[in-house]
Amino acid sequence: MWLKTLGLILVIASCSGIGAEAVHRLRERLRLLETLRRMASHMKGEILYANVPLAEALYRTGKRNKGAAGELFIAIATELEQETGESFEAVWRAKAGKFAAGSVLNKKEQEQLLRFGESLGYLDRDMQEKAILFYLEDLEHSIETLRKEEPEKSRLFFGMGILSGLFLAVVLI
27 MWLKTLGLIL VIASCSGIGA EAVHRLRERL RLLETLRRMA SHMKGEILYA
77 NVPLAEALYR TGKRNKGAAG ELFIAIATEL EQETGESFEA VWRAKAGKFA
127 AGSVLNKKEQ EQLLRFGESL GYLDRDMQEK AILFYLEDLE HSIETLRKEE
177 PEKSRLFFGM GILSGLFLAV VLI
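So the numbering used here is basically just the index in the sequence shown, starting at one, shifted up by 26.
Right under this line is the structure:
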């Protein structure tokens, strides 16, 4: 009897853990979007006010920001400085595509990140500024939407985890 009770408790706890993990991923997505916004804003300052080339702006921005997003910018800058002959767009698509696929970003946000790099590399300073501003606008919209949805989605995910655990426990009894 005690094994059956222990099994039911473990089922409920594991389903609750799955719900808590979904909440964690949602919050992590919000943090990543805010980091990307901060990095794009910093890169805008580097290009426009410090008047540095794109590779240097990416490197400085990556150094200022720890984590996977900072490493992405550093990796792209390093690849550009090696002068392998690849275009910025190709380097961005390869590195950012791999980053986006392994991140918590949804499909729309992944596409925005890839489009940002495509429109950034071949333009003059004014157009680079407009590309960065456009990406910042997209990020602001995504962040605002996620902040509005986050409290109710968090309750929903956690509640569904607990309820699914209880449902499975009832089915197993």
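For every residue, glycine included, the Cβ atom is placed at its ideal position computed from N, Cα and C. This structure is a prediction, so every number in the text was calculated from the model and none was measured.
Alpha helix (DSSP H) containing residue i: first to last residue?
i: Ser113; result: No alpha helix (DSSP H) holds Ser113; DSSP gives it neither H nor E.
i: Ser259; result: Outside the shown range of the chain, which is 27 to 199, sits residue 259, and nothing can be said about it.
i: Ser145; result: Lys133 to Leu146
Under a Cβ-count criterion, where at least 16 other Cβ atoms within 10 Å of its own Cβ denotes burial, should residue i be classed as buried or exposed?
i: Gly93; result: exposed
i: Lys121; result: buried
i: Lys30; result: exposed
i: Asp164; result: buried
i: Leu32; result: exposed
i: Glu170; result: exposed
i: Ser154; result: First, the amino acid is wrong: residue 154 is Gln here, not Ser. Gln154 comes out buried.
i: Met27; result: exposed
i: Glu70; result: Sequence check: residue 70 is Lys here, not Glu. Answer is buried; the Cβ neighbour count reaches 16.
i: Asn91; result: buried
i: Arg181; result: exposed
i: Tyr75; result: exposed
i: Gly51; result: Note on residue identity: the sequence assigns Arg, not Gly, to residue 51. Exposed.
i: Ala24; result: Nothing in the structure corresponds to residue 24, since the chain is present only between 27 and 199.
i: Gly128; result: exposed
i: Gly185; result: exposed
i: Thr110; result: exposed
i: Leu36; result: exposed
Practice task
Kindly confirm or deny that the stretch 108-119 and the stretch 31-47 touch, where touching means at least three C-beta pairs closer than 8 Å.
Solution key: Flag = no, the stretch 108-119 and the stretch 31-47 do not touch.
Practice task
Could I get the ranges of all uninterrupted alpha helix (DSSP H) runs contained in the stretch 39-97, with 4 residues as the minimum, in chain order?
Solution key: Counting only runs of 4 or more residues that sit fully inside the stretch 39-97, the alpha helix (DSSP H) segments are 80-90, in chain order.
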